Amino acid sequence: MKYTKEHEWMRVEGDLVVVGITEHAATQLGDVVFVELPETETMVAEGDEVCVIESVKAASDILAPLDGEIVEVNVKLVDKPALVNEDPTGEAWFFKMKIDDLAALDDYMDEDEYADFIG
Amino acid sequence: MTDLNTSDLKRLVLHDLHVSLGGKMVPFAGYDMPVQYPAGVMTEHLHTRSAAGLFDVSHMGQVILRPKADMAALVAAFEAMMPVDVAGLAEGRQRYGLFTTETGGILDDLMFANRGDHLFVVVNAACKAADVAHMQAHLSGVATVEPVTDRALLALQGPLAEAALAAWVPGVAEMRFMDVRVFDSAFGPLWISRSGYTGEDGFEISVPEAGARDLASALLGTEGVMPIGLGARDSLRLEAGLCLYGNDIDTTTTPVEAGLTWAIQKVRRAGGGRSGGFPGAERILHQLDHGPDRLRVGLLPQTRAPMREGTRLFDPDGTPLGEVTSGGFGPSVQAPIAMGYVAASHATPGTALEGEVRGKRMAVTVTPLPFHPTTYKR
Chain G
1 MKYTKEHEWM RVEGDLVVVG ITEHAATQLG DVVFVELPET ETMVAEGDEV CVIESVKAAS
61 DILAPLDGEI VEVNVKLVDK PALVNEDPTG EAWFFKMKID DLAALDDYMD EDEYADFIG
Chain X
120 MTDLNTSDLK RLVLHDLHVS LGGKMVPFAG YDMPVQYPAG VMTEHLHTRS AAGLFDVSHM
180 GQVILRPKAD MAALVAAFEA MMPVDVAGLA EGRQRYGLFT TETGGILDDL MFANRGDHLF
240 VVVNAACKAA DVAHMQAHLS GVATVEPVTD RALLALQGPL AEAALAAWVP GVAEMRFMDV
300 RVFDSAFGPL WISRSGYTGE DGFEISVPEA GARDLASALL GTEGVMPIGL GARDSLRLEA
360 GLCLYGNDID TTTTPVEAGL TWAIQKVRRA GGGRSGGFPG AERILHQLDH GPDRLRVGLL
420 PQTRAPMREG TRLFDPDGTP LGEVTSGGFG PSVQAPIAMG YVAASHATPG TALEGEVRGK
480 RMAVTVTPLP FHPTTYKR
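Going line by line, the protein sequences match chains G and X. So the first sequence is numbered by the working numbering: it starts at 1 and just counts up by one. So the second sequence is numbered by the working numbering: it starts at 120 and just counts up by one.
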């Protein structure tokens, strides 16, 4: 898995990149009560706000970690936002992206680097 | 985000206890305060509704108003600051009050108690310096205004609050909603009121700082009691339809617009025995008789998306009507809830409106307050 400074994780699955938020981010957010997902077949650029997560406390965004196309979203999160707290790195993935070159992931932190990053 | 200089924050006397309980500390009204504990806002909220929650509200301002000569002169002068019946408040009772401006806005909301030979006032943390100055300006001829700086203030709220507090302070079960009494205890003399700001039955306990840690620990060790942070305090008061000063009420809102007319007793209204005679009386009495142009209402978003503070509200035809002043998710309601101001023409429960969330208009319905029934022991 690779990690962004915005506390998102990315996992390669075939030629797609699966994106979610880290356990650390889920804990910081608190109980998630609402998730808004992007449309599929949307082209996004790195840094675009693609999802909204609302916890009891506040709203936050998930940014596209890479340039590419959103090809699948996890509709289960719409009915069960609490999955984000229960299983952030497993069942609660947010979307899958198709990107031009998987090598773009090399620029991101690995697990050890992310662990250092969050201290 | 700007860096906050946390060294400027004041520390609560129970700071170390909050940290040891795993409290996540955030700046609030100049204090370093626990926003939540490891259980999280949702669990803390639901626990308060089903058992009992202990809140540290020591950031709030406790003030004693002690008459220089007689209570009657103090009572009359204090009554001249608010559209509220002060003279009619019996000894041992507490009441909700509002300091108003000359134009009828709200400077602060507060609780005041008649303690026989003095009044005891609790004001909002963010307003306390201004409130003390305001009271000194209006009361210095008849009373001394004494900020209480050597006491913590705890709130114990929820259906198990009575049993938990009675285990340490026998006699509290006899109190009714808005009673105030002084109790001698192992923690020092306690000034207790049967009140709170969650919609639940419960108590607010003013305790000498020297006894605060022991009292908090004793209560937290009592069956059913859990520490609760500011996050759940906010969702609890929102479900109870209670105003947060600075969000739902401020100097631009009048008590009538805010739907706080229940706090203006008949005796202070037109035709009452002590009608008017408070700042902003002309506007407030006029609004009482003729209705205000806008009103604070409950709002139920019709989708799962919360409508937070600042969400703009529209008629379905696109006419702007007002905005949300407090909004979020109601853990007991299990849905997003909000309060805000709308044109009086659109304030009837059931009215369909739209709120703009991230550029999209979403359906929202005007609804009666509170969202969750209150359980005060009257």
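Ideal placement from N, C-alpha and C gives every residue a C-beta, glycine not left out. Nothing here was measured: the structure is a model prediction, and the numbers come from that model.
Of the candidates X:S464, X:G378, X:L418, X:A400, X:L418 places its Cα closest to the Cα of X:E473. Cβ-Cβ distances below 6 angstroms link X:P327 to R270, G307 in the same chain, with the five nearest sequence neighbours on each side left out; the list follows chain order. Beta-bridge partners assigned by DSSP to X:N233: X:L238. Annotated as proximal: X:I183 and X:H237, with beta-carbon spacing under 8 angstroms.
Along the stretch 182-208 of chain X, none of the residues has a CB nearer than 9 angstroms to a CB of chain G. Spatial neighbours of X:E163 in its own chain (CB-CB distance under 6 angstroms, excluding positions within 5 residues in sequence) are listed in chain order as I347, A351.
Contact check for X:G277 against X:P489 fails: the beta carbons are separated by 8 angstroms or more. Sequence-distant partners of G:D67 (beyond 5 residues in either direction) whose C-beta falls short of 6 angstroms from its own C-beta, in its chain, are A45, E46.
Under the Cβ distance rule, X:A170 does not count among the residues neighbouring chain G, no pair being separated by less than 8 angstroms. Interface annotation for the stretch 447-465 of chain X against chain G: G447, F448, P450, criterion Cβ-Cβ distance under 7 angstroms. Inter-residue distance for G:D87 and X:V485 is about 36 angstroms (C-alpha atoms, whole angstroms). Between the stretch 379-389 of chain X and the stretch 426-445 of chain X, the count of Cβ pairs shorter than 8 angstroms is below three; the stretches do not touch. With a minimum length of 4 residues, the unbroken runs of alpha helix (DSSP H) contained wholly in the stretch 244-310 of chain X fall at 247-258, 280-285. In the three-state scheme derived from DSSP, where H, G and I count as helix and E and B as strand, X:E376 is classed as coil. Look at the stretch 146-174 of chain X: the residues with a C-beta under 9 angstroms from a C-beta of chain G are V154, Q155, G159, V160, M161, T162, H164. Taking a Cβ-Cβ threshold of 8 angstroms, none of the residues of chain G is close to X:A482; the smallest such distance is about 15 angstroms. The continuous alpha helix (DSSP H) containing X:R356 extends over residues 349-358. Under the three-state reduction of DSSP, X:Q213 is assigned to strand. Contact check for G:I21 and G:E8: beta-carbon distance about 6 angstroms, within the 8 angstroms limit, so the pair qualifies. For X:A457, the uninterrupted beta strand (DSSP E) run begins and ends at 454-462, by DSSP.
Using a Cβ-Cβ cut-off of 7 angstroms, G:D31 is close to G159, V160, M161 of chain X, given in chain order. Taking C-alpha positions only, G:V32 is separated from X:A248 by approximately 37 angstroms.
Taking 8 angstroms as the threshold, the shortest C-beta distance from X:R423 to chain G falls below it. Interface annotation, G:F95: not in contact with chain X, CB-CB separation never under 8 angstroms. The stretch 457-475 of chain X and the stretch 408-426 of chain X touch, with three or more beta-carbon pairs separated by less than 8 angstroms.
Residue burial is scored here from C-beta neighbours: G:D15 has fewer than 16 other C-beta atoms within 10 angstroms and is therefore classed as exposed. Under the criterion of beta carbons closer than 8 angstroms, X:G446 and X:T430 qualify as touching, at roughly 6 angstroms. V52, E54, V56, K57: these are the residues of the stretch 40-58 of chain G whose beta carbon lies less than 7 angstroms from some beta carbon of chain X, given in chain order. X:S354 belongs to the set of residues whose beta carbon lies under 8 angstroms from a beta carbon in chain G.
Between X:D250 and X:D227, the CB-CB gap stays under 8 angstroms. Distance from the CA of X:P420 to the CA of X:G395, rounded to the nearest whole angstrom, comes to 38 angstroms. Between G:F34 and G:I62 a beta carbon distance of about 13 angstroms is seen, past the 8 angstroms cut, so the two are scored as non-contacting. Here X:M144 is bridged, per DSSP, to X:P153.
The C-beta of X:T373 has 16 or more other C-beta atoms within 10 Å across all chains shown, which makes the residue buried. Selection X:L165, X:G149, X:L128, X:V291 evaluated against X:E358 yields X:L165 as nearest (Cα-Cα). With contacts defined as CB atoms closer than 8 angstroms, X:E323 and X:S336 fail to qualify as a contacting pair.
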